[in-house]
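Student: Residue numbers (the UniProt record's numbering): 1 to 310.
My questions all concern the structure below.
Now the structure itself:
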(Lines of atoms letter the chains of each structure in order from A and count residues from 1; the text may use other names and numbers.)
(Lines give C-alpha, C1' and ligand atoms only; values in the text may rest on other atoms or scores of the structure.)
Protein backbone atom coordinates (compact mmCIF):
# COMPACT_ATOMS: atom_id res chain seq x y z
CA UNK A 1 0.00 0.00 0.00
CA UNK A 2 1.32 3.47 -0.86
CA UNK A 3 2.20 5.66 2.13
CA UNK A 4 0.43 8.57 0.43
CA UNK A 5 -2.76 6.53 0.26
CA UNK A 6 -2.56 5.75 3.98
CA UNK A 7 -2.06 9.35 5.15
CA UNK A 8 -4.74 10.71 2.82
CA UNK A 9 -7.20 8.10 4.09
CA UNK A 10 -6.48 9.08 7.72
CA UNK A 11 -6.72 12.81 7.00
CA UNK A 12 -9.92 12.50 5.00
CA UNK A 13 -11.50 10.51 7.81
CA UNK A 14 -10.38 13.06 10.39
CA UNK A 15 -11.83 15.98 8.42
CA UNK A 16 -15.16 14.20 8.05
CA UNK A 17 -15.44 13.12 11.68
CA UNK A 18 -14.69 16.56 13.18
CA UNK A 19 -16.72 18.47 10.59
CA UNK A 20 -13.95 20.53 9.00
CA UNK A 21 -15.24 23.74 7.37
CA UNK A 22 -12.91 25.54 4.93
CA UNK A 23 -14.61 28.84 5.78
CA UNK A 24 -13.29 28.53 9.37
CA UNK A 25 -10.19 26.36 8.89
CA UNK A 26 -8.75 26.90 12.37
CA UNK A 27 -11.93 26.02 14.21
CA UNK A 28 -11.63 22.25 13.80
CA UNK A 29 -9.60 19.80 11.76
CA UNK A 30 -6.09 18.34 11.67
CA UNK A 31 -3.79 19.14 14.58
CA UNK A 32 -0.56 18.27 12.75
CA UNK A 33 0.59 16.27 9.69
CA UNK A 34 -0.09 12.56 9.81
CA UNK A 35 3.22 10.96 10.73
CA UNK A 36 4.04 7.75 8.91
CA UNK A 37 7.55 6.71 9.93
CA UNK A 38 9.11 3.39 8.94
CA UNK A 39 11.67 1.15 10.64
CA UNK A 40 14.61 3.17 12.08
CA UNK A 41 12.73 6.44 11.46
CA UNK A 42 10.86 7.06 14.71
CA UNK A 43 9.00 10.33 14.12
CA UNK A 44 8.25 13.41 12.03
CA UNK A 45 8.01 11.78 8.62
CA UNK A 46 5.16 12.09 6.14
CA UNK A 47 4.73 12.20 2.37
CA UNK A 48 6.00 15.26 0.51
CA UNK A 49 4.64 16.32 -2.90
CA UNK A 50 7.07 15.59 -5.71
CA UNK A 51 8.88 12.83 -3.80
CA UNK A 52 9.22 9.35 -5.35
CA UNK A 53 6.39 7.00 -4.30
CA UNK A 54 6.98 5.01 -1.12
CA UNK A 55 5.26 1.77 -0.17
CA UNK A 56 4.52 -0.09 3.06
CA UNK A 57 6.31 -3.44 2.76
CA UNK A 58 5.58 -6.72 4.60
CA UNK A 59 8.75 -6.42 6.71
CA UNK A 60 8.26 -2.76 7.72
CA UNK A 61 7.46 -1.47 11.19
CA UNK A 62 5.24 1.59 10.78
CA UNK A 63 4.46 4.30 13.31
CA UNK A 64 1.21 6.18 12.60
CA UNK A 65 0.98 9.46 14.54
CA UNK A 66 -2.13 11.58 14.04
CA UNK A 67 -4.14 14.26 15.79
CA UNK A 68 -7.27 16.38 15.72
CA UNK A 69 -8.20 19.74 17.16
CA UNK A 70 -11.52 21.39 17.92
CA UNK A 71 -11.29 25.11 18.65
CA UNK A 72 -7.62 24.61 19.45
CA UNK A 73 -8.09 21.70 21.86
CA UNK A 74 -5.66 19.06 20.56
CA UNK A 75 -5.74 15.28 20.85
CA UNK A 76 -2.53 13.47 19.92
CA UNK A 77 -2.38 9.71 19.40
CA UNK A 78 0.00 7.17 17.87
CA UNK A 79 0.44 3.44 17.46
CA UNK A 80 2.76 1.02 15.70
CA UNK A 81 1.78 -1.53 13.07
CA UNK A 82 3.65 -4.44 11.51
CA UNK A 83 2.76 -7.56 9.54
CA UNK A 84 5.99 -9.35 10.48
CA UNK A 85 5.71 -11.10 13.90
CA UNK A 86 9.40 -10.47 14.64
CA UNK A 87 8.37 -6.90 15.57
CA UNK A 88 5.76 -8.00 18.12
CA UNK A 89 8.08 -8.02 21.15
CA UNK A 90 9.31 -4.49 20.51
CA UNK A 91 5.82 -3.13 19.91
CA UNK A 92 4.48 -4.84 23.03
CA UNK A 93 7.31 -3.43 25.17
CA UNK A 94 6.69 0.13 23.99
CA UNK A 95 2.92 -0.13 24.37
CA UNK A 96 3.32 -1.45 27.92
CA UNK A 97 5.71 1.41 28.68
CA UNK A 98 3.14 3.94 27.49
CA UNK A 99 0.49 2.33 29.69
CA UNK A 100 2.93 2.49 32.62
CA UNK A 101 3.35 6.21 31.96
CA UNK A 102 -0.41 6.68 31.98
CA UNK A 103 -0.77 4.72 35.25
CA UNK A 104 1.82 6.90 36.99
CA UNK A 105 0.61 10.24 35.59
CA UNK A 106 -1.52 12.51 37.72
CA UNK A 107 -1.70 15.90 39.43
CA UNK A 108 1.51 16.65 41.38
CA UNK A 109 3.35 13.64 39.87
CA UNK A 110 7.06 14.20 39.24
CA UNK A 111 7.79 13.97 35.52
CA UNK A 112 11.27 12.51 36.17
CA UNK A 113 9.85 9.66 38.25
CA UNK A 114 7.32 8.80 35.53
CA UNK A 115 10.17 8.69 33.01
CA UNK A 116 12.03 6.26 35.24
CA UNK A 117 8.99 3.98 35.45
CA UNK A 118 8.60 4.06 31.67
CA UNK A 119 12.23 3.09 31.15
CA UNK A 120 12.09 0.26 33.68
CA UNK A 121 9.16 -1.38 31.88
CA UNK A 122 10.49 -0.84 28.38
CA UNK A 123 14.06 -1.92 29.00
CA UNK A 124 13.06 -5.07 30.86
CA UNK A 125 12.05 -6.48 27.46
CA UNK A 126 14.11 -8.23 24.79
CA UNK A 127 13.64 -8.93 21.11
CA UNK A 128 14.42 -12.46 19.90
CA UNK A 129 15.45 -12.44 16.24
CA UNK A 130 14.98 -15.39 13.86
CA UNK A 131 18.78 -15.66 13.52
CA UNK A 132 19.09 -16.39 17.25
CA UNK A 133 20.28 -12.94 18.28
CA UNK A 134 18.70 -11.36 21.35
CA UNK A 135 18.48 -7.56 21.24
CA UNK A 136 17.74 -5.36 24.25
CA UNK A 137 14.90 -2.88 23.92
CA UNK A 138 16.17 0.64 24.59
CA UNK A 139 14.20 3.77 25.40
CA UNK A 140 14.81 6.57 22.92
CA UNK A 141 16.13 9.24 25.24
CA UNK A 142 15.63 12.37 23.13
CA UNK A 143 12.01 11.80 22.10
CA UNK A 144 9.48 12.76 24.73
CA UNK A 145 5.88 13.05 25.71
CA UNK A 146 4.70 16.61 26.24
CA UNK A 147 2.11 18.95 27.67
CA UNK A 148 -0.45 20.39 25.25
CA UNK A 149 -2.09 23.83 25.18
CA UNK A 150 -4.69 25.42 22.87
CA UNK A 151 -3.25 25.52 19.33
CA UNK A 152 0.13 24.42 20.74
CA UNK A 153 1.08 20.77 20.34
CA UNK A 154 4.15 21.26 22.58
CA UNK A 155 3.23 23.53 25.49
CA UNK A 156 6.58 23.66 27.29
CA UNK A 157 6.80 20.60 29.55
CA UNK A 158 8.39 17.34 28.39
CA UNK A 159 8.08 13.74 29.58
CA UNK A 160 11.20 11.74 28.59
CA UNK A 161 11.17 7.94 28.55
CA UNK A 162 13.99 8.00 31.13
CA UNK A 163 14.54 9.66 34.50
CA UNK A 164 16.38 12.90 33.71
CA UNK A 165 16.00 14.38 37.18
CA UNK A 166 14.50 17.74 38.02
CA UNK A 167 11.44 18.88 39.95
CA UNK A 168 8.90 19.47 37.14
CA UNK A 169 5.46 18.21 38.14
CA UNK A 170 2.21 17.55 36.33
CA UNK A 171 -0.58 19.88 37.42
CA UNK A 172 -4.33 19.58 37.71
CA UNK A 173 -6.05 20.79 34.54
CA UNK A 174 -3.13 20.02 32.25
CA UNK A 175 -3.40 18.07 29.03
CA UNK A 176 -0.55 15.62 28.36
CA UNK A 177 0.54 13.41 25.50
CA UNK A 178 1.96 10.28 27.14
CA UNK A 179 4.26 9.17 24.35
CA UNK A 180 7.05 6.61 24.40
CA UNK A 181 9.53 5.40 21.80
CA UNK A 182 11.71 2.31 21.91
CA UNK A 183 14.30 0.78 19.63
CA UNK A 184 15.77 -2.66 18.94
CA UNK A 185 19.17 -2.66 17.28
CA UNK A 186 19.65 1.06 17.81
CA UNK A 187 21.42 3.25 20.37
CA UNK A 188 18.32 4.89 21.83
CA UNK A 189 19.07 8.29 20.34
CA UNK A 190 17.65 9.84 17.16
CA UNK A 191 19.05 12.44 14.76
CA UNK A 192 17.61 14.37 11.81
CA UNK A 193 17.55 12.48 8.53
CA UNK A 194 16.28 13.17 5.00
CA UNK A 195 13.85 15.69 3.53
CA UNK A 196 11.85 17.71 6.03
CA UNK A 197 8.06 17.38 5.92
CA UNK A 198 6.92 18.90 9.25
CA UNK A 199 6.88 22.66 9.84
CA UNK A 200 5.34 25.01 12.40
CA UNK A 201 5.19 28.69 13.28
CA UNK A 202 6.96 29.28 16.64
CA UNK A 203 4.46 32.03 17.41
CA UNK A 204 1.92 34.18 15.61
CA UNK A 205 3.79 37.47 16.23
CA UNK A 206 6.77 36.88 13.92
CA UNK A 207 7.78 38.33 11.59
CA UNK A 208 8.07 41.86 12.88
CA UNK A 209 7.84 44.84 10.57
CA UNK A 210 11.57 44.83 9.75
CA UNK A 211 11.58 41.07 9.13
CA UNK A 212 8.55 41.32 6.87
CA UNK A 213 10.29 43.94 4.74
CA UNK A 214 13.18 41.52 4.16
CA UNK A 215 10.94 38.70 2.88
CA UNK A 216 10.34 38.11 -0.81
CA UNK A 217 6.85 38.43 -2.23
CA UNK A 218 6.70 34.67 -2.66
CA UNK A 219 7.56 34.08 1.01
CA UNK A 220 4.98 36.66 2.12
CA UNK A 221 2.28 35.05 0.00
CA UNK A 222 3.11 31.66 1.45
CA UNK A 223 3.12 33.11 4.98
CA UNK A 224 -0.37 34.49 4.43
CA UNK A 225 -1.59 30.99 3.55
CA UNK A 226 0.16 29.49 6.60
CA UNK A 227 -1.31 32.05 9.01
CA UNK A 228 -4.82 31.84 7.60
CA UNK A 229 -4.98 28.05 7.36
CA UNK A 230 -2.68 26.73 10.12
CA UNK A 231 -1.82 29.52 12.57
CA UNK A 232 0.51 27.98 15.17
CA UNK A 233 -0.50 24.40 14.29
CA UNK A 234 2.03 22.18 12.54
CA UNK A 235 1.66 21.72 8.77
CA UNK A 236 3.29 20.00 5.81
CA UNK A 237 3.96 20.86 2.14
CA UNK A 238 1.14 18.55 0.98
CA UNK A 239 -1.31 20.78 2.80
CA UNK A 240 0.30 23.94 1.41
CA UNK A 241 -0.18 22.54 -2.08
CA UNK A 242 -3.87 21.90 -1.37
CA UNK A 243 -4.38 25.44 -0.10
CA UNK A 244 -2.42 27.03 -2.95
CA UNK A 245 -4.58 25.21 -5.47
CA UNK A 246 -7.45 27.38 -4.23
CA UNK A 247 -5.38 30.58 -4.04
CA UNK A 248 -5.73 33.43 -6.51
CA UNK A 249 -2.10 34.51 -6.13
CA UNK A 250 -0.12 33.98 -9.37
CA UNK A 251 3.03 33.55 -7.27
CA UNK A 252 1.72 30.28 -5.94
CA UNK A 253 0.81 28.72 -9.26
CA UNK A 254 3.26 26.45 -10.99
CA UNK A 255 3.62 23.06 -12.60
CA UNK A 256 6.57 22.15 -10.36
CA UNK A 257 5.19 20.33 -7.32
CA UNK A 258 8.13 21.61 -5.26
CA UNK A 259 7.56 25.33 -5.95
CA UNK A 260 6.91 25.74 -2.21
CA UNK A 261 10.48 24.73 -1.30
CA UNK A 262 12.25 28.06 -1.92
CA UNK A 263 9.77 30.37 -0.12
CA UNK A 264 9.39 27.90 2.75
CA UNK A 265 13.17 27.63 3.15
CA UNK A 266 13.29 31.43 3.21
CA UNK A 267 10.74 31.57 6.03
CA UNK A 268 12.73 28.95 7.95
CA UNK A 269 16.03 30.80 7.48
CA UNK A 270 14.44 33.97 8.89
CA UNK A 271 13.10 32.12 11.95
CA UNK A 272 9.50 32.76 10.94
CA UNK A 273 8.83 29.02 10.55
CA UNK A 274 10.58 26.13 12.31
CA UNK A 275 11.40 22.87 10.52
CA UNK A 276 11.22 19.42 12.12
CA UNK A 277 13.06 16.78 10.04
CA UNK A 278 12.46 13.03 10.26
CA UNK A 279 14.18 11.58 13.33
CA UNK A 280 15.95 8.22 13.04
CA UNK A 281 18.05 5.82 15.09
CA UNK A 282 20.80 3.72 13.48
CA UNK A 283 20.16 2.48 9.96
CA UNK A 284 18.91 -1.10 10.10
CA UNK A 285 17.37 -0.74 13.56
CA UNK A 286 13.65 -0.75 14.28
CA UNK A 287 11.67 1.72 16.36
CA UNK A 288 8.16 1.63 17.83
CA UNK A 289 5.87 4.32 19.27
CA UNK A 290 2.65 4.42 21.27
CA UNK A 291 0.85 7.51 22.53
CA UNK A 292 -2.33 8.66 24.23
CA UNK A 293 -3.58 12.08 25.33
CA UNK A 294 -4.76 12.38 28.93
CA UNK A 295 -6.52 15.12 30.89
CA UNK A 296 -5.56 15.56 34.55
CA UNK A 297 -8.47 16.44 36.82
CA UNK A 298 -8.95 16.94 40.53
CA UNK A 299 -10.55 13.50 40.85
CA UNK A 300 -8.25 11.61 38.53
CA UNK A 301 -7.26 11.40 34.89
CA UNK A 302 -9.09 10.59 31.69
CA UNK A 303 -7.54 8.99 28.60
CA UNK A 304 -9.17 11.01 25.84
CA UNK A 305 -7.86 9.01 22.89
CA UNK A 306 -8.73 5.51 24.11
CA UNK A 307 -10.77 3.41 21.68
CA UNK A 308 -12.04 -0.13 21.30
CA UNK A 309 -8.99 -1.10 19.24
CA UNK A 310 -6.28 0.73 21.22
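Glycine included, each C-beta is placed from N, C-alpha and C at the ideal position.
Please read these numbers as outputs of a predicted model, since none were measured by experiment.
Taking the alpha-carbon positions, what's the residue 29 to residue 72 distance?
Tutor: 9 angstroms
Student: Can you tell me whether residue 41 is buried or exposed, with buried defined as 16 or more other CB within 10 angstroms of its CB?
Tutor: buried
Student: Go ahead and pull the three-state DSSP assignment for residue 87.
Tutor: helix
Student: My guess is that residue 152 and residue 188 are in contact by the Cβ rule of under 8 angstroms, so how many angstroms apart are they, rounded?
Tutor: Between residue 188 and residue 152 the Cβ distance is about 27 angstroms, and since that is not below 8 angstroms, they are no contact.
Student: Look at the Cβ atom of residue 106, then the Cβ atom of residue 62, and state whether they are nearer than 8 angstroms.
Tutor: Cβ atoms of residue 106 and residue 62: not closer than 8 angstroms.
Student: For the stretch 24 to 63, list the beta strand (DSSP E) runs that are entirely contained and at least 3 residues long, ordered along the chain.
Tutor: 28 to 30, 35 to 38, 41 to 43
Student: Measure the alpha-carbon distance for residue 283 versus residue 81 and round it to whole angstroms.
Tutor: Roughly 19 angstroms separates the two Cα atoms.
Student: Nearest CA to the CA of residue 161: which residue from 39, 121, 186, 194?
Tutor: Among 39, 121, 186, 194, the Cα nearest to that of residue 161 is on 121.
Student: Name the one or two DSSP bridge partners that residue 1 has.
Tutor: Its beta-bridge partners do not exist; DSSP assigns none.
Student: Can you look up residue 108 in the DSSP assignment and give me helix, strand or coil?
Tutor: coil
Student: Would the beta-carbon of residue 233 fall within 8 angstroms of that of residue 32?
Tutor: yes
Student: Helix, strand or coil, according to DSSP, for residue 99 in the structure here?
Tutor: helix
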